[in-house]
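See below for the structure under consideration.
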Amino acid sequence: MNKFAKWGLTLPATILVVALLVVPVLATIATTFGEPKGIFSTYTAFFNSGFRTGILYRTLRIALITTAISLVIGFLTAYVIAQMPGRLKSIAIIAAVFPLLTGVVVRSFAWLIILGKNGIVNSSLLSLGIISDPLSMLYTEGSVIVAMVYLFVPLMILTLTGVLEGIPRDVVEASASLGAKPIATFFQVILPLAVPGLIVGAVLVFTGSFTSYATPQLLGGEQMMMMGTLLYQRAMVTFDWVGASTIAAIMVVITIAVVSIMSRIARRLNPMAV
Amino acid sequence: MAARIHPLLGAFAILVFLFLLAPLVIIVGASLSDTTYLTFPPQGLTLRWFTNIFEISAFRNTAITSFQVAILGTGLSLLIGIPAAYALNRYRVGLPKWLGTLFILPILVPEIVFGFSLLKSVTIGMGLPIYPSLIIGHALLVLPYSVRVVGASLASFDFSVEEAAISLGCPPWKTFLTVVLPNIRAGVIAAFILAFITSINDVSISVFLTGPGISTLPIQILAHMEQFFDPTIASVSVLLMLVTVGVMAIVEATLGLTFLTK
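The listed protein sequences correspond, in order, to chains R and H. Read in order, the letters of the first sequence are residues 0 to 273 in numbering that gives the first Met the number 0. Read in order, the letters of the second sequence are residues 0 to 261 in numbering that gives the first Met the number 0.
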């Protein structure tokens, strides 16, 4: 009975995930090796194309910059939230959760209003007389990065607030009572204890921005394509399915490599683990 | 953890919250503008962009599809996810470790790759119509929430209570419904809410699974924006934010919002 229940209960989920996710994704990757010109021909084509490698490097660059900025903003803000008294803390958490639960389309769209030709930044600069012609801020790497930071900072804040709250109070108090200045306590006690959490947050933001579609579509357009928008364009506009599958395979390999390497590092760096 | 906050750091945090909330306020302002283009601060005040939404049938139809897909997809994910989470926690010994990893694969695999593969292998390859493909795609996308969040509340459930019920003659399925389920209620609600909101906001999977007459609201918004850049989009966004407010009210009433930092 137990043996039946144990396997039987996990069976529906297992079958659906294997049949409708694992097999299709592996099939996508497999088609990239079936070209008549040679097993790796689609990959040599990808890496010999300056246009496509340019998009890969841009995607990595945008994802790294977004991760770095979100880490700094998220950590400092989470640090402040963790010190707040109960009521203020709940308000701060609500303020961070609200954007997080609002959709990516809505949140990216906000930056179209802010950065557009008739946008709030341009109209204020024009009325202040700082510029005489509206700036083109959309469809640049900068506009994509700003929107992505906006997208991922709430996630970082919530992840890191949880991590910081988990740091035992007496460790911090011990450091202070032994004479460490707040700055020293921050860098020598709190930061090292938060490193595993910082890595988890960084992995979430990096993979999220590396594989994003809606934000680069809206704020990057054709000029600033990223891997996600390139995949979509190859698949649904030019119907180059092998090309799209190649991009998909590269994205899967990079994502899984980053996740597995970083989670291994996080486990090794955890000072609380014995 | 407790320490004093430097005033500069406090000021920085205030700026961060302005950065987080100002864009949403700007959307609300832009939705009320009496102009045919998007602008902030609004020039003149009108609600006509909100009534305009209901005149565009594409918004109405895709909103209904989005809602149906989110409910059915989330329901399906709970239907297969709760038993899996139960088995993983109840029979910790004897189930292979990779099974737990398998159920969080939908987070690990880039969503856009999953969407593309689903279209290629399932919708076109197996000839499954778009609507059920959408539901299945969304159900798998949110499965990790069902398994992990429900699993977290099962981890703190005392299974000896269940054994007591069974040894007293209660059939296992009835024990599950009347003893186990009420105890993991919070986890199930949390999983449902997180899954629902993820599904209703999804772009990367749905963008591949649109067809004649079938699309979801976020995809329709993207399509509308390519042609018109008027305040209609801002007013649709405001309605979506109201959905978020409703969801947060439910979370606060049932679980308390602080559970989201755990």
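Positions of the beta carbon are idealized from the N, C-alpha and C atoms, including for glycine.
- Item | Exposed unless 16 or more other CB atoms sit within 10 angstroms - verdict on R:Thr-237 | Taking the first sequence and counting its residues from 1, one reaches residue 237 of chain R at position 238. When all chains shown are included, R:Thr-237 counts as exposed.
- Going along chain R in order, which residues have a C-beta closer than 7 Å to the C-beta of H:Ile-63? Translated into positions along the second sequence, residue 63 of chain H becomes position 64. Result: empty, since nearest Cβ-Cβ is about 17 Å, beyond 7 Å.
- Task: Could you tell me if R:Arg-266 is buried or exposed, where buried requires 16 or more neighbouring beta carbons within 10 angstroms of its beta carbon?
- Result: The count along the first sequence starts at 1 and reaches residue 266 of chain R at position 267. So R:Arg-266 ends up on the exposed side.
- Spell out whether any CB of chain R is found under 9 Å from the CB atom of H:Glu-54. One-based indexing of the second sequence puts residue 54 of chain H at position 55. No, no contact with chain R.
- Query: Does the beta-carbon of H:Glu-161 have 16 or more other beta-carbons within 10 angstroms, so that it is buried, or is it exposed?
  - Reply: For the purposes of this step, residue 161 of chain H is identified with residue 162 of the second sequence, where counting begins at 1. Classification of H:Glu-161: buried, given that the 10 Å Cβ count is 16 or more.
- Message: Between H:Pro-170 and chain R, is the shortest Cβ-Cβ distance under 9 Å, so that the two count as touching?
- Response: Here residue 170 of chain H corresponds to residue number 171 of the second sequence, with the count starting at 1. For H:Pro-170, the answer is no, since every Cβ of chain R falls outside 9 Å of its Cβ.
- Message: Determine whether the beta carbon atoms of R:Thr-9 and H:Pro-82 lie at a separation below 9 Å.
- Response: Within the first sequence, residue 9 of chain R is the residue found at index 10, counting from 1. Within the second sequence, residue 82 of chain H is the residue found at index 83, counting from 1. Yes, Cβ-Cβ distance for R:Thr-9 and H:Pro-82 is below 9 Å.
- Message: Whether or not the region 110 to 126 of chain R and the region 34 to 45 of chain H are in contact is what I'm after, with contact meaning three or more pairs of Cβ atoms, one per stretch, closer than 8 Å; do they touch?
- Response: yes
- Query: Can you name the residues of chain H whose CB is closer than 8 Å to the CB of R:Phe-205?
  - Reply: Start at 1 with the first residue of the first sequence, and residue 205 of chain R comes out as number 206. Simply none; closest approach about 12 Å.
- Task: Could you tell me whether the Cβ atoms of H:Leu-133 and R:Leu-20 are closer together than 9 Å?
- Result: In the second sequence, counting from the first residue as 1, residue 133 of chain H sits at position 134. In the first sequence, counting from the first residue as 1, residue 20 of chain R sits at position 21. In this structure, R:Leu-20 does not lie closer than 9 Å to H:Leu-133 by Cβ.
- Anyone know if the C-beta pair for H:Thr-243 and R:Thr-101 falls short of 9 Å? Walking along the second sequence from the start, residue 243 of chain H turns up at place 244. Walking along the first sequence from the start, residue 101 of chain R turns up at place 102. Contact: yes.
- Query: So what's H:Ser-214 in DSSP terms, helix, strand or just coil?
  - Reply: As a working note, residue 214 of chain H is residue 215 in the second sequence. Here H:Ser-214 sits in coil by DSSP.
- Query: Would you say H:Met-224 and R:Val-105 are within 9 Å of each other, going by their C-beta atoms?
  - Reply: Here residue 224 of chain H corresponds to residue number 225 of the second sequence, with the count starting at 1. Here residue 105 of chain R corresponds to residue number 106 of the first sequence, with the count starting at 1. Cβ distance not < 9 Å, so H:Met-224 and R:Val-105 don't count as in contact.
- Message: Taking contact to mean 3 or more Cβ pairs, one atom from each stretch, closer than 8 Å, check whether the region 199 to 207 of chain R and the region 154 to 169 of chain R are in contact.
- Response: yes
- Message: I believe H:Gly-186 touches H:Val-149 by the beta-carbon criterion, under 8 Å. Please report the beta-carbon distance rounded to the nearest angstrom.
- Response: Taking the second sequence and counting its residues from 1, the one referred to as residue 186 of chain H is at position 187. Taking the second sequence and counting its residues from 1, the one referred to as residue 149 of chain H is at position 150. Between H:Val-149 and H:Gly-186 the Cβ distance is about 5 Å, and since that is below 8 Å, they are a contact.
- Task: Please confirm if R:Met-136 has its CB atom under 9 Å from at least one CB of chain H.
- Result: Here residue 136 of chain R refers to the residue found at position 137 when the first sequence is read from its first residue. It does not: the Cβ of R:Met-136 has no partner Cβ on chain H nearer than 9 Å.
- Three-pair Cβ contact test at 8 Å for the region 214 to 226 of chain R versus the region 117 to 133 of chain H: no
- Query: Does DSSP put H:Leu-44 in a helix, a strand or coil?
  - Reply: Looking up residue 44 of chain H in the second sequence gives position 45. Three-state result, H:Leu-44: strand.
- Based on the DSSP output, what are the partners of H:Ser-32 in its beta bridges? By one-based count along the second sequence, residue 32 of chain H stands at place 33. Looking at the DSSP assignment, H:Ser-32 forms a beta bridge with H:Leu-44.
- Query: Can you name the residues of chain R whose CB is closer than 8 Å to the CB of H:Lys-173?
  - Reply: For the purposes of this step, residue 173 of chain H is taken as the residue at position 174 of the second sequence. Going along chain R, no residue has its Cβ under 8 Å from H:Lys-173, so there is no contact; the nearest lies around 15 Å.
- Residues of chain H with a CB under 7 Å from the CB of R:Lys-5: which are they? Looking up residue 5 of chain R in the first sequence gives position 6. The answer, in chain order, is Ala-86, Tyr-90, Gly-93, Leu-94.
- Pull up the distance between the alpha-carbon of R:Asn-117 and that of H:Val-237, whole angstroms please. Translated into the one-based positions of the first sequence, residue 117 of chain R becomes position 118. Translated into the one-based positions of the second sequence, residue 237 of chain H becomes position 238. R:Asn-117 and H:Val-237: Cα-Cα distance of roughly 20 Å.
- Item | Distance between beta carbons of H:Ala-29 and H:Ala-222, contact taken as under 8 Å | Here residue 222 of chain H refers to the residue found at position 223 when the second sequence is read from its first residue. Here residue 29 of chain H refers to the residue found at position 30 when the second sequence is read from its first residue. Actually they do not touch by this definition, with Cβ atoms about 19 Å apart.
- Is the region 192 to 208 of chain H touching the region 162 to 182 of chain H in the sense that three or more CB pairs, one from each, lie closer than 8 Å? no
- Query: Among R:Pro-153, R:Val-257, R:Val-258, R:Gln-232, which residue has its Cα nearest to the Cα of R:Ile-246?
  - Reply: In the first sequence, the residue the question calls residue 246 of chain R occupies position 247. Nearest C-alpha to R:Ile-246: R:Gln-232.
- Task: Measure the C-alpha to C-alpha separation of H:Gly-255 and H:Ile-70 and round it to an integer number of angstroms.
- Result: The residue labelled residue 255 of chain H in the question sits at position 256 within the second sequence. The residue labelled residue 70 of chain H in the question sits at position 71 within the second sequence. The alpha-carbon atoms of H:Gly-255 and H:Ile-70 are separated by roughly 22 Å.
- Of the choices R:Arg-263, R:Val-252, R:Met-261, R:Asn-269, whose alpha-carbon is the least far from that of H:Val-262? With chain H covering only 0 through 261, there is no way to say anything about residue 262 of chain H.
- Given R:Val-273, which residues of its chain have a CB within under 6 Å of its CB, disregarding the five upstream and five downstream residues? Looking up residue 273 of chain R in the first sequence gives position 274. Annotation note: pLDDT 41 at R:Val-273 (below 50); position unreliable, coordinate value reported separately. None.
- Taking C-beta to C-beta, are R:Ile-68 and R:Ile-144 nearer than 9 Å? What you label residue 68 of chain R is simply residue 69 of the first sequence in a count that begins at 1. What you label residue 144 of chain R is simply residue 145 of the first sequence in a count that begins at 1. A contact, by the Cβ cut-off of 9 Å.
- So which residues on chain R does H:Glu-110 lean against when the C-beta distance must stay under 7 Å? The residue given as residue 110 of chain H occupies position 111 in the second sequence. Result: Thr-210.
- Closer than 7 Å by beta-carbon distance: list the chain R residues that pair up with H:Val-121, in chain order. Working through the second sequence from its first residue, we reach residue 121 of chain H at position 122. Correct list: Leu-19, Pro-23.
- Best match in R:Thr-254, R:Asn-269, R:Ile-260, R:Ile-264 for proximity to H:Pro-106 [C-alpha to C-alpha]: Numbered from its first residue, the second sequence carries residue 106 of chain H at position 107. The residue you asked about is not Pro; residue 106 of chain H is Ile in the sequence shown. Answer by Cα proximity: R:Thr-254.
- Message: Let me check understanding here. Comparing Cα to Cα, which of H:Ala-12, H:Ala-57, H:Leu-23 lies closest to R:Met-83?
- Response: The count along the first sequence starts at 1 and reaches residue 83 of chain R at position 84. Of the listed residues, the one whose Cα sits closest to R:Met-83 is H:Ala-12.
- Query: Using 9 Å as the limit for Cβ to Cβ distance, is R:Leu-111 near chain H?
  - Reply: Reading the first sequence from its first residue, position 112 is the one you call residue 111 of chain R. Yes - at least one Cβ of chain H is within 9 Å of the one on R:Leu-111.
- Query: Looking only at its own chain, which residues have a Cβ that is under 7 Å from the Cβ of R:Phe-151, when we skip the five neighbours before and after it?
  - Reply: Counting from 1 along the first sequence, the entry for residue 151 of chain R is found at position 152. Hits under 7 Å: Thr-65, Ser-69, Val-204, Gly-207, Ser-208.
- Around the Cβ of H:Ser-65, are there at least 16 other Cβ atoms within 10 angstroms (buried) or fewer (exposed)? Numbered from its first residue, the second sequence carries residue 65 of chain H at position 66. When all chains shown are included, H:Ser-65 counts as buried.
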